[in-house]
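Protein chains in written order, with this note's numbering: chain A, 4 to 606; chain B, 12 to 125; chain C, 17 to 265.
Every residue gets a Cβ at the ideal spot worked out from N, C-alpha and C, and that includes glycine.
This report refers to the structure that appears directly beneath it.
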Amino acid sequence: MSIAALAILVPILGAVVQSAIGAKLPQTIAWITTNTTAAATAVLCAILVHKSGHGLLVTWFGGWHPRSGGVAFGIDMAVDHFGSGMALLAASLVTAALFYSHRYIDAVSPHYHSLMLLFLAGMVGFCLTGDLFNLFVLFELLSVAAYAMTAYHVEEEGPLQGAINFAITNTLGGFMVLTGIGLLYGRTGALNMAQIGETLAGKAPDGLVVVAFVLIVCGFLVKAAAVPFHLWLADAHAVAPVPLCVLFSGVMVQIGLYAIARVYWTVFSGMPELHAHALVQILMGIGGITALFGAVMCWLQRHLKRLLAFSTISHTGLFLMGIGLLEGHGLAAAGLFIVCHGLVKGGLFMGAGIVGKRVGTVDTGDAFGKGREIWPTGILFAIGALLLASVPPFGPFAGKALIEEAGQHGGFWWAPYACLVASALTAGAILRATGQIFLGWGQAPQEEDEQERGQEEQGSEEEPESDSLFETTPWMMWAPAWFLVLLGAAIPLIGGWHQWFERAANRMTDRATYAGHVLHGAPLTFPPPHISGPHTSSYVFAIFSVLGAVAVALVGMYLKPGKVLDQIADGMHAIHSGHVGDYVVYLVAGIAIIGGLTGLAVT
Amino acid sequence: MNHVPYLASAWLMLIGLYGIATSRNLIHMVLCLTVVQSSTYLLLLGVGYRLHATAPIYQGIVPGHRAVDPVVQALTLTDIVVEATVVALMLALAVVAHKRFGSLDPQKLRPLRG
Amino acid sequence: MSPRARQISCVVVLLGFGAFLVWGVLGLQDFGHWTGLYGRRVLKVASSERQVTNVVSAVNFDYRMFDTLIEELILFTSVMGVMLVLRHQRGEDPEPEHAAGDSEGFEDTTDGVRVLGVILIGVTLLLGLYIVVHGHLTPGGGFQGGVILGAAVLLVFLAGEFVTVRHLHPVETMETIEAVGAAGFAGLGLGGLIASSAAFHNFIWTGTSGMLISGGTIPLSNLAVGCAVFGAILILASELLEQALIVRR
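Below is the structure:
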C-alpha cells in the first residue's frame with residue numbers, strides 16, 4: 004500500500020464525501036468528520052516523514068515504472084524528508100485551522116469543509132510529486148481552492164476585490180510556470196523532473212533554458228510573494244477569514260519557495276553555469292529587497308492582519324536568502340525557519356482573530372486600548388513577536404542564525420544585517436500593535452487624511468466576521484493559537500533537529516542520486532552532512548534584534564514621524580494601490596528585470 | 012519561418028497581459044486572461060507537432076504510422092479544463108461585483124489600498 | 017497609477033518581457049520536427065499495451081491518470097467556489113413563486129427557437145453520449161462529451177423557459193450527478209490501489225483494441241468524467257441563469 008498515494012486520496016475522498024452529504028449532516032458532525040480527515044492526513048504525512056528516513060520513497064502511479072533508457076512513463080511521487088516535512092506542516096496547520104474555525108465562522112457553508120480538504124490535498128500532493136506538469140496541476144488545485152475561500156465573505160466589497168487580485172496575479176504566475184514547462188518539454192521531451200534533470204545535465208544553458216528557469220522561478224515567486232510579485236498577499240490576507248490567513252501565511256506562501264528549491268535542485272542543478280555566483284547574487288538580492296521592503300511596509304500598517312501579512316512577505320525574503328545561496332546549509336536553515344515561522348505566524352493570526360471577535364475590529368486605531376480584557380491574547384502576541392525577533396534559543400532564532408551564517412560563508416557580509424533590520428522592524432511592529440491594543444500605551448494612531456488613504460487601509464470598514472462579539476474567548480480558539488506558538492518555539496529544543504534538517508537538505512541537493520534512484524532504481528548513497536551549530540556571532544545579532552524590536556515598538560508608540568518619512572510612506576502606500584492592473588504591470592516588470600539580469604549573469 | 016507558431020504564442024501572451032493591465036471592465040479582463048491561456052496552449056501544441064503526420068488515433072491506420080505527440084495533446088486537454096474552471100470562478104466574482112456594487116470597473120472597486 | 021501612466025508603463029514593460037520571451041522561444045527546435053523521447057515511446061507501445069486506438073486517451077486516463085483526477089477535482093473545486101460566491105445572492109431574495117409558464121423578465125421564446133431546440137436537443141444528447149462512450153476509440157472522451165451533454169441541457173433552458181424548466185432541475189440533483197462522477201473517478205483510482213497496490217492501476221481486463229469493450233478502466237473513467245463534467249456545467253449554467261432572473265426582478 005503506498006502511503007504517499009493514500010496521503011493524497013484521503014483528503015480527496017473526504018472532500019467529495021463532504022460535498023455530497025455535508026449539507027444534510029448537522030454542522031458539528033460535518034466539522035468532526037472534516038477535522039478527522041485532516042488529522043488522518045497529518046498522521047499519514049508523519050508516517051511518510053519517518054519512512055523517508057532512508058532517503059527517498061518513490062511511488063509510480065498506475066505501476067508505470069520507467070522504461071529502459073531512463074524514460075519515465077507515468078507520474079511519480081518522490082518523497083524525501085523535505086517534501087514530507089512540508090506536507091506534514093500543511094496538514095497540521097489545516098487541522099489546527101479547521102479546529103479553530105468551528106467557533107470562528109458563524110454560518111459555515113457546507114462547501115467550506117470540502118474546499119479546505121481540497122486545499123489540503125493540493126498542498127500535500129504538491130510537496131510530494133516528482134513530475135513537473137503534475138506540479139503545475141496541483142498548484143492550480145490549491146490556488147483555485149484558495150481563491151474561492153478568500154471570497155468567503157463575498158457580500159462585502161473588500162473580499163471580492165481581494166479575491167480578484169489574488170486570482171488574477173496567481174493565475175498569471177501559473178501561466179508563467181506552464182510556459183516554462185512547455186519550453187523545457189520542447190527541449191528535453193520529458194515531464195518527469197528527474198528525467199529533465201538528467202537530460203539537461205552537463206550541458207551549457209542557452210537562451211531557452213535561462214528563460215524557462217526564470218519563468219518557472221518567477222511564477223513560483225508570485226505564489227511566494229516576493230517583491231515585486233507580493234502585492235496580492237496583503238489584499239488577500241486583509242479580507243480572507245482568519246483560518247485561511249493562518250494557512251496562507253503559514254504554509255501556502257512557503258510552498259512556492261519549496262517549489263523553487265525543488266525545481267532548481269532536481270532539474271537545473273546539473274548545469275554548472277547555472278550555478279554561477281552571479282545567479283546566487285540575483286536570488287540573494289531579491290531576498291534582501293523583499294525582506295527590507297516587507298519590513299518597512301509592515302511597520303506602516305494599522306490593520307493587524309495586513310501587518311502580519313507584510314511580516315510574512317518580509318520573512319519570505321529571509322527564506323529566499325537561505326534558498327538563494329543554492330547550497331545545502333542555506334537550504335537546511337530555510338527549512339527550519341519555514342517550519343518555526345509557519346507555526347508561530349499561524350498562532351499570531353489566530354490571536355488576531357480572537358481580537359476581532361472580542362473587540363470587534365482588527366484596526367489598531369479603532370481597537371486602541373480595548374484589549375485589556377483579553378490580556379492573555381496580548382501575552383500570546385508579545386511572545387510571538389519576540390520569537391519572530393529571534394529570541395535565542397527558540398524556534399525562529401535557530402533558523403535565522405543558520406541563514407545568517409550560511410550567507411556570510413557565501414560571501415554576503417550584509418546578510419546578517421539585513422536579517423537584523425528586517426526582524427527588528429517586523430517584530431517591533433507587532434509589539435507596537437500589542438502595546439496599542441492591549442495596553443493602550445502611546446498615542447492612538449492618527450485619523451489619517453481621509454481622502455488620501457480612504458478608510459479602507461485602516462480596516463475600520465471591515466465588518467467583523469460575525470455580528471455579535473464574544474463574551475469570552477472559546478477554548479477552541481485560544482488553545483490552538485497557544486499550541487502553535489509554543490510548538491514553533493520548541494522545535495529546536497527537540498534533540499537532533501539540526502542533523503535532521505541538514506540531512507534533509509543534503510538529500511534534496513543531490514541531483515544525481517535522486518535521478519538515479521527515480522529512473523533506474525539505483526541504490527541510494529548520500530554523503531554524510533557536515534554539521535555546525537550556531538556561532539556566537541549569531542547570538543549577538545539575535546540579542547540586538549530583540550532589543551531593536553523593543554526599541555522600534557517604543558518609537559512607534561510614542562514618536563510621530565517627520566514630514567519626509569510621511570512622504571516616503573505615502574509613496575510606498577501608493578504602490579499598493581489595490582488595482583489589479585498595476586499589479587500586473589509590476590509582475591511583468593519584475594520578470595523582465597530578473598530575466599534580463601539572469602541572462603546577463605549566465606551567458 | 013520555422014518558429015512562427017512559437018512567436019505567435021509569445022505575441023498572444025503579450026497582448027493578453029496588456030489587456031489585463033489596462034482593462035476597465037472585469038469581464039474584459041477575464042477574457043484577456045483566456046487570451047493568455049491560449050498562448051500556452053499554442054506553445055504546447057506547437058512543440059509537439061510533426062509535419063506530414065496524422066493525429067495519434069490509430070482507428071483504421073496501422074499503429075506505428077507517423078503521428079504527432081500525444082502527450083502534449085493530453086497536457087493541453089488537461090490545461091484547457093483547468094483554466095476554463097478558473098475563468099468560471101472569476102466570472103462568478105464579476106457577476107457579484109456587478110450585482111452588489113453596481114460596477115464592473117476595477118478602478119471603482121478599490122477599498123483595499125496601502 | 018493613473019490610467020495613462022499604466023498604459024505607458026505597461027507597453028514599456030511588455031517590450032522588455034517580449035524580448036525576453038522571444039529569446040527563449042527561438043531556442044526551440046524548428047516547428048514540425050518534434051523528437052521527444054517520452055511521446056515517441058508512448059506512441060510505440062500505447063496501442064498494444066492498453067488496447068485502445070486513441071492514444072491521447074491512453075495518456076490521459078492511464079499513464080497520467082493522476083493528472084486527470086486532479087484536473088477533475090479542480091473542476092469540482094471551482095464549481096463549489098461558484099456556488100459559494102453566489103450563495104448570498106440566492107439566499108437574499110426569497111424563492112419566487114412562479115407558476116409554470118410564467119416567464120416574468122424573459123421574453124417569450126419564439127416558435128422558431130422552440131422547434132430548432134427540440135430538434136437539436138435529441139441530436140446533441142446523442143452526440144454527447146457517443147463521444148463520451150467512444151472516447152477510447154476515436155477523438156473525444158469524457159471531458160469533450162460532457163461539455164456537449166451540458167450544451168444539450170442549455171438548449172433546453174434556451175428553447176423552453178428557464179423558469180419552468182428550473183423546477184425540473186433542482187440543484188441537489190445536479191450536485192449529486194457531479195459528486196457521483198467525481199467520486200466514481202476517485203474510486204477507480206482507489207480501486208487500482210487496492211487491486212494491485214499501485215494507485216490508478218488499470219486493473220480491468222483490457223480486451224482487444226478497436227472494440228467498444230477495451231482499454232480496461234479507460235472507458236469507465238470516460239463515463240465518470242463525462243458524468244462529472246455534465247453535472248458541473250449544469251450547476252454553472254443554472255447558477256448564472258438564476259442571477260439573471262434575480263437581476264431582472
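*Ordered along the chain, which non-local residues of its own chain (more than five positions away) have a Cβ less than 7 Å from that of Phe201(C)?*
Start at 1 with the first residue of the third sequence, and residue 201(C) comes out as number 185. Here the set comprises Leu85, Glu88, Ser237, Ala240, Val241, Ala244.
_Three-state class that DSSP yields for Leu60(A) in the structure shown_ = Stepping through the first sequence from its first residue, residue 60(A) is reached at position 57. In the three-state reduction of the DSSP assignment, Leu60(A) falls in the strand class, which pools E and B.
*Pairwise C-alpha distance: Asp573(A) and Phe441(A)*: As a working note, residue 441(A) is residue 438 in the first sequence. As a working note, residue 573(A) is residue 570 in the first sequence. Computed Cα separation, rounded: 27 Å.
*Decide if the region 130-146 of chain A is in contact with the region 82-99 of chain A; the criterion is three or more beta carbon pairs, one per stretch, under 8 Å apart.*
Judged by pairs of C-beta atoms under 8 Å, the region 130-146 of chain A touches the region 82-99 of chain A, as three or more such pairs exist.
*Span of the beta strand (DSSP E) holding Val82(A)?*
The count along the first sequence starts at 1 and reaches residue 82(A) at position 79. Taken as a continuous stretch (DSSP letters only), the beta strand (DSSP E) holding Val82(A) covers 79-82.
*Identify every run of the alpha helix (DSSP H) within the region 126-174 of chain A, keeping only runs that are complete inside it and at least 4 residues long; order them along the chain.*
You should have 135-153.
*For Tyr267(A), which residues in chain B fall below 8 Å Cβ to Cβ?*
Within the first sequence, the letter at position 264 stands for residue 267(A). Neighbours of Tyr267(A) on chain B: none; closest Cβ ~22 Å, over 8 Å.
*Element boundaries [alpha helix (DSSP H), containing Trp478(A)]*: The count along the first sequence starts at 1 and reaches residue 478(A) at position 475. Where Trp478(A) is concerned, the enclosing alpha helix (DSSP H) starts and stops at 478-493.
*Presumed contact (8 Å Cβ cut-off) between Ala18(A) and Leu145(A), rounded CB distance*: On the first sequence, position 15 is the one that residue 18(A) refers to. On the first sequence, position 142 is the one that residue 145(A) refers to. So it is not a contact: roughly 12 Å between Cβ atoms.
*Taking only beta carbons into account, state which residues of the region 79-92 of chain B come closer than 8 Å to chain A, listed in chain order.*
Answer in chain order: Val82, Val83, Leu86, Thr89, Asp90.
*Measuring only between beta-carbons, confirm whether Leu250(C) sits less than 8 Å from chain B.*
In the third sequence, the residue the question calls residue 250(C) occupies position 234. Interface with chain B (8 Å Cβ-Cβ cutoff): Leu250(C) is excluded.
*Three-pair Cβ contact test at 8 Å for the region 59-70 of chain C versus the region 57-67 of chain A*: Result no; under three Cβ-Cβ pairs closer than 8 Å.
*Enumerate in chain order the residues of its own chain whose CB-to-CB distance from Ala7(A) is below 7 Å, with the five nearest sequence positions on each side excluded.*
For the purposes of this step, residue 7(A) is taken as the residue at position 4 of the first sequence. Scanning its chain for C-beta atoms nearer than 7 Å, with the 5 sequence neighbours on each side dropped, one finds around Ala7(A) the residues Leu51, Leu60, Thr62, Met80, Val82, Leu131, in chain order.
*Rounded separation between Ala577(A) and Ala385(A) - CA only*: On the first sequence, residue 577(A) is found 574 positions in, with the first residue counted as 1. On the first sequence, residue 385(A) is found 382 positions in, with the first residue counted as 1. For the pair Ala577(A) and Ala385(A), the Cα-to-Cα distance works out to about 30 Å.
*So Asp127(C) is in the alpha helix (DSSP H); what residue range does that whole segment cover?*
As a first step, residue 127(C) is located in the third sequence; it is residue number 111 there, counting from the start. That run of the alpha helix (DSSP H) goes 127-149.
_Let me see if you follow: with CB-CB separation under 8 Å, is Arg61(B) close to chain A or not?_
What you label residue 61(B) is simply residue 50 of the second sequence in a count that begins at 1. Look at Arg61(B): its C-beta is not under 8 Å from any C-beta on chain A.
*With a CB to CB cut of under 6 Å and the five nearest residues on each side skipped, what residues in its chain are close to Lys373(A)?*
Indexing the first sequence from 1 puts residue 373(A) at position 370. These residues qualify, in order along the chain: Val362.
*Would you decide whether Gly222(A) is buried or exposed? Buried here means 16 or more other CB atoms lie within 10 Å of its CB.*
Locating residue 222(A) in the first sequence gives position 219, counting from the first residue. Buried, since its Cβ has 16 or more Cβ neighbours within 10 Å.
*Would you call Thr319(A) buried or exposed, if buried means 16 or more other Cβ atoms sit within 10 Å of its Cβ?*
In the first sequence, the residue the question calls residue 319(A) occupies position 316. Burial call: buried.
_Where Ile90(C) meets chain B, residues with beta-carbon distance less than 9 Å_ = Position 74 of the third sequence, counted from the start, is the residue given in the question as residue 90(C). Chain B residues near Ile90(C): Val92, Val93, Thr96, Val97.
*Which residue from Trp485(A), Ala193(A), His114(A), Leu334(A) puts its Cα closest to that of Val283(A)?*
By one-based count along the first sequence, residue 283(A) stands at place 280. Nearest C-alpha to Val283(A): Leu334(A).
*When we look at the beta-carbon of Ala198(C) and count the other beta-carbons within 10 Å, is it buried (16 or more) or exposed?*
Taking the first residue of the third sequence as 1, we reach residue 198(C) at position 182. Classification of Ala198(C): buried, given that the 10 Å Cβ count is 16 or more.
*Quick one: is Asn36(B) near chain C, going by C-beta distance under 8 Å?*
To locate residue 36(B), count along the second sequence from 1; it is residue 25. Interface with chain C (8 Å Cβ-Cβ cutoff): Asn36(B) is excluded.
*Would you mind sorting Thr606(A) into buried or exposed? The rule is 16 or more other CB atoms within 10 Å of its CB.*
Start at 1 with the first residue of the first sequence, and residue 606(A) comes out as number 603. By the 10 Å Cβ count, Thr606(A) comes out exposed.
_Using a Cβ-Cβ distance cut-off of 8 Å, determine whether Pro110(C) contacts chain B._
One-based indexing of the third sequence puts residue 110(C) at position 94. Legend: pLDDT at Pro110(C) = 42, less than 50; position of this residue unreliable, value from coordinates given subsequently. Chain B contact via Cβ: absent.
*Can the beta-carbon of Met255(A) be found less than 8 Å from the beta-carbon of Ala149(A)?*
The residue you call residue 255(A) lines up with position 252 of the first sequence. The residue you call residue 149(A) lines up with position 146 of the first sequence. Yes, the Cβ-Cβ distance between Met255(A) and Ala149(A) is below 8 Å.
_With a threshold of 8 Å on Cβ separation, who are the neighbours of Trp500(A) within its own chain once the five nearest residues in sequence on each side are excluded?_
In the first sequence, counting from the first residue as 1, residue 500(A) sits at position 497. A distance below 8 Å between beta-carbons, with the five flanking residues on each side excluded, links Trp500(A) to the following residues of its chain, in chain order: Leu339, Ala401, Ile494.
*asked:* Using a Cβ-Cβ distance cut-off of 8 Å, determine whether Val107(B) contacts chain A.
replied: By 1-based counting over the second sequence, the position of residue 107(B) is 96. Closer than 8 Å: yes.
*Taking a cut of 8 Å between CB atoms, which residues from the region 158-172 of chain A lie near chain B?*
Cβ contacts with chain B come from Glu158, Glu160, Gly161, Leu163, Gln164, Gly165, Ala166, Ile167, Asn168, Ala170, Ile171.
*Would you say Gly162(C) faces chain A, with C-beta separation under 8 Å as the test?*
The count along the third sequence starts at 1 and reaches residue 162(C) at position 146. No, Gly162(C) lies away from the interface with chain A (no Cβ there is under 8 Å from its Cβ).
*Return the chain-ordered list of same chain residues with a C-beta closer than 6 Å to the C-beta of Ala215(A), the five sequence neighbours on each side being excluded.*
Here the question's residue 215(A) lines up with position 212 in the first sequence. Closer than 6 Å at Cβ, skipping near neighbours: Gly183, Leu186, Leu187.
*Could you tell me which residues DSSP pairs with His49(C) in its beta bridges?*
For this step, residue 49(C) is matched to residue 33 along the third sequence. Arg61(B), per the DSSP bridge assignment.
*Spell out the partners DSSP gives Val74(A) in its beta bridges.*
Locating residue 74(A) in the first sequence gives position 71, where the first residue counts as 1. DSSP lists Arg70(A) as partners of Val74(A).
*Hey, Gly58(A) and Leu522(A): beta-carbon distance below 8 Å or not?*
Stepping through the first sequence from its first residue, residue 58(A) is reached at position 55. Stepping through the first sequence from its first residue, residue 522(A) is reached at position 519. No, Cβ-Cβ distance for Gly58(A) and Leu522(A) is not below 8 Å.
_Given Leu135(A) as reference, the closest of Leu194(A), Ile167(A), Val46(A), Gln21(A) once Cα atoms are compared_ = In the first sequence, the residue the question calls residue 135(A) occupies position 132. The candidate whose alpha carbon is nearest that of Leu135(A) is Leu194(A).
*How about the region 378-395 of chain A and the region 288-304 of chain A: do they share at least three Cβ pairs that are nearer than 8 Å?*
The region 378-395 of chain A makes no contact with the region 288-304 of chain A, as fewer than three CB pairs between them are under 8 Å.
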